[in-house]
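Residue numbers (the numbering used here): 11 to 547. From the three backbone atoms N, C-alpha and C, an ideal C-beta is built for every residue, glycine too. Accompanying notes for the structure given below.
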């Protein structure tokens with residue numbers, strides 16, 4: 011199936027790269043980024059099932075399949091176990107940890123992925139210490155992962171260390187020990203999110219990355235869902251076994267899942283295309299991967315210093331990216347408050363049982379998984395701004411309806427489930443930022459790190475200030491602010507898209523600029539000769 015022209019990328023001619031002494035043995039072909047539309051957009055949605063377009067060469071299809079099977083899978087597993095660990099503490103806390111460790115307090119706090127409001131000020135400090143570690147080390151972590159020689163081993167090393175600390179959580183005896191462990195886990199888990207998406211955008215081209223990013227992102231929803239089921243099974247079958255509580259077994263099980271994945275990363279993780287070649291890529295495939303990124307306009311890594319910071323802060327990309335993500339992050343995960351509404355209905359009308367209150371909201375995660383994959387696939391068919399605007403408009407509709415509140419009961423359910431579509435935003439937003447800044451590796455790694463750092467800094471206090479439990483479930487203030495913020499991030503995204511397309515049209519962001527210059531400066535570079543139909547290297 012040929013890809014319809016919808017994402018707005020610049021079409022390029024097919025490029026053929028001679029990467030060795032013998033052209034007939036070492037020639038690799040980089041397929042064109044886009045093709046002109048060959049079918050009606052009404053049936054273009056069928057492209058969501060086509061991950062390896064027919065116009066790609068056999069070599070390029072083979073490379074993509076390898077990347078999907080290994081790199082994408084490793085990134086998904088990394089993100090999955092991150093959220094598995096995040097939710098393990100939540101599950102453990104309500105499954106006996108609080109009583110066994112004598113944790114006391116009376117403050118309500120909000121846990122983002124599970125969507126539950128939990129009591130006790132000590133528990134809120136668990137998240138605070140985690141966030142401190144995460145926020146302090148997020149940007150340095152992104153700087154490290156942008157280094158080709160370090161990228162291959164950095165993420166597996168951090169995964170291994172946090173897996174060890176996950177085991178350690180099964181031995182905790184006081185809340186003070188939890189504080190220290192959560193701080194360290196915050197530091198160690200920094201590359202799991204923005205680091206993963208940075209690596210994906212370093213291997214996949216713009217016309218490939220969005221649907222992969224969607225699959226990657228919903229793995230966090232799967233981790234959140236699976237953690238609850240895992241805790242229920244651990245509490246039922248392992249509580250008291252070998253003298254350990256069920257919640258302690260949960261951390262042991264989580265560590266047993268995480269550690270093999272982390273160790274596998276040392277063997278399988280490819281790092282960046284410019285990192286030393288990993289064993290499962292042939293020399294020709296490695297050259298092809300590098301050529302694909304050069305053809306896409308991704309530049310080689312350079313030094314980190316004052317010049318890099320000047321480049322970041324003197325361009326609009328940084329400010330649009332950070333502000334857009336902050337506005338979005340503050341409105342995310344609000345679908346979890348469905349449980350509070352169901353509890354309210356049960357207390358006042360006796361309509362739902364405790365089991366139903368815990369089961370019904372899991373549908374939000376189901377919606378998140380389906381729409382997250384679907385929307386990111388549609389980005390590769392229709393213009394990105396249209397998909398983003400449609401998703402944002404649906405989220406705006408849901409927030410406005412819940413602000414009005416006096417709506418049919420069925421519409422209440424629909425709105426809470428629609429809020430699960432927040433899962434569509436991140437896997438569109440982060441690849442978009444990486445794509446806009448692909449000509450500067452250090453700037454894009456710094457910017458995406460800043461997005462996550464500042465976004466989570468705001469989110470750490472946003473839910474408890476705008477959605478306080480005592481005002482629920484009719485959070486008039488919260489849904490009002492959410493409505494404003496949805497409009498804000500939708501507007502910021504459209505402004506950013508306009509500015510970027512204007513730069514492309516003015517050739518300030520030429521995906522092929524400096525390619526000749528870059529290749530000439532590199533020791534193992536090869537010469538480019540441009541003809542009418544193809545480029546030979």
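Using alpha carbons as the reference points, say which of the options lies closest to residue i.
i: residue 330; options: 353, 270, 447; result: 447
i: residue 338; options: 428, 497, 507; result: 497
i: residue 211; options: 223, 144, 202, 469; result: 223
i: residue 505; options: 399, 106, 201, 292; result: 399
i: residue 272; options: 199, 482, 372, 340; result: 199
i: residue 214; options: 305, 513, 374, 515; result: 305
i: residue 70; options: 152, 298, 86, 279; result: 298
i: residue 102; options: 287, 278, 261; result: 261
i: residue 3; options: 466, 404, 472, 385; result: Residue 3 is absent from the model: the chain starts at 11 and stops at 547.
i: residue 167; options: 156, 275, 186; result: 275
i: residue 376; options: 107, 155, 78, 233; result: 233
i: residue 404; options: 303, 492, 487; result: 492
i: residue 452; options: 328, 427, 379; result: 328
i: residue 157; options: 282, 203, 255; result: 282
i: residue 89; options: 514, 209, 423; result: 209
i: residue 174; options: 85, 246, 269, 257; result: 269
i: residue 113; options: 417, 454, 189, 380; result: 189
i: residue 79; options: 430, 226, 180; result: 226
i: residue 74; options: 295, 326, 373; result: 295
i: residue 105; options: 347, 240, 81; result: 240
i: residue 378; options: 515, 161, 437; result: 437
i: residue 369; options: 355, 163, 348; result: 348
i: residue 96; options: 66, 191, 82; result: 191
i: residue 389; options: 216, 253, 374, 163; result: 216
Please classify residue i: is it buried, with 16 or more other beta-carbons within 10 angstroms of its beta-carbon, or exposed?
i: residue 500; result: buried
i: residue 231; result: buried
i: residue 128; result: Bear in mind that a pLDDT of 46 at residue 128, under 50, signals an unreliable position, so the model cannot answer this.
i: residue 183; result: exposed
i: residue 420; result: exposed
i: residue 618; result: In this structure the chain extends from 11 to 547, so residue 618 is not present and cannot be described.
i: residue 414; result: exposed
i: residue 87; result: buried
i: residue 92; result: buried
i: residue 247; result: exposed
i: residue 201; result: buried
i: residue 122; result: Here residue 122 scores only 49 on pLDDT, less than 50, and its place in the model is too uncertain to base an answer on.
i: residue 317; result: exposed
i: residue 480; result: exposed
i: residue 197; result: buried
Taking the alpha-carbon positions, what's the residue i to residue j distance?
i: residue 178; j: residue 462; result: 27 Å
i: residue 322; j: residue 445; result: 15 Å
i: residue 391; j: residue 169; result: 35 Å
i: residue 434; j: residue 289; result: 34 Å
i: residue 460; j: residue 332; result: 7 Å
i: residue 259; j: residue 111; result: 15 Å
i: residue 292; j: residue 285; result: 14 Å
i: residue 205; j: residue 483; result: 36 Å
i: residue 511; j: residue 334; result: 17 Å
i: residue 193; j: residue 139; result: 5 Å
i: residue 320; j: residue 466; result: 24 Å
i: residue 185; j: residue 266; result: 23 Å
i: residue 195; j: residue 142; result: 10 Å
i: residue 147; j: residue 154; result: 10 Å
i: residue 396; j: residue 324; result: 29 Å
i: residue 336; j: residue 410; result: 20 Å
i: residue 471; j: residue 342; result: 13 Å
i: residue 353; j: residue 363; result: 9 Å
i: residue 64; j: residue 408; result: 39 Å
i: residue 422; j: residue 279; result: 44 Å
i: residue 203; j: residue 502; result: 23 Å
i: residue 136; j: residue 351; result: 26 Å
i: residue 145; j: residue 474; result: 19 Å
i: residue 62; j: residue 358; result: 54 Å
i: residue 372; j: residue 426; result: 11 Å
i: residue 107; j: residue 507; result: 48 Å
i: residue 77; j: residue 401; result: 29 Å
i: residue 326; j: residue 456; result: 14 Å
i: residue 172; j: residue 251; result: 25 Å
Just to check my reading of the structure: residue i and residue j have Cβ atoms closer than 8 Å, yes? What is that Cβ distance to the nearest angstrom?
i: residue 383; j: residue 228; result: 6 Å
i: residue 458; j: residue 443; result: 6 Å
i: residue 412; j: residue 477; result: 11 Å between Cβ atoms; not a contact.
i: residue 149; j: residue 440; result: So it is not a contact: roughly 15 Å between Cβ atoms.
i: residue 242; j: residue 263; result: Not a contact, Cβ separation roughly 12 Å.
i: residue 84; j: residue 236; result: With 8 Å as the limit, residue 84 and residue 236 do not qualify as a contact, their Cβ atoms being about 18 Å apart.
Ignoring anything shorter than 4 residues or poking outside the stretch 464–512, list the alpha helix (DSSP H) runs there in chain order.
-> Listed in chain order, the alpha helix (DSSP H) runs fully inside the stretch 464–512 are 472–476, counting runs of at least 4 residues.
In chain order, which alpha helix (DSSP H) runs of at least 4 residues are fully inside the stretch 169–245?
-> 185–198, 204–213
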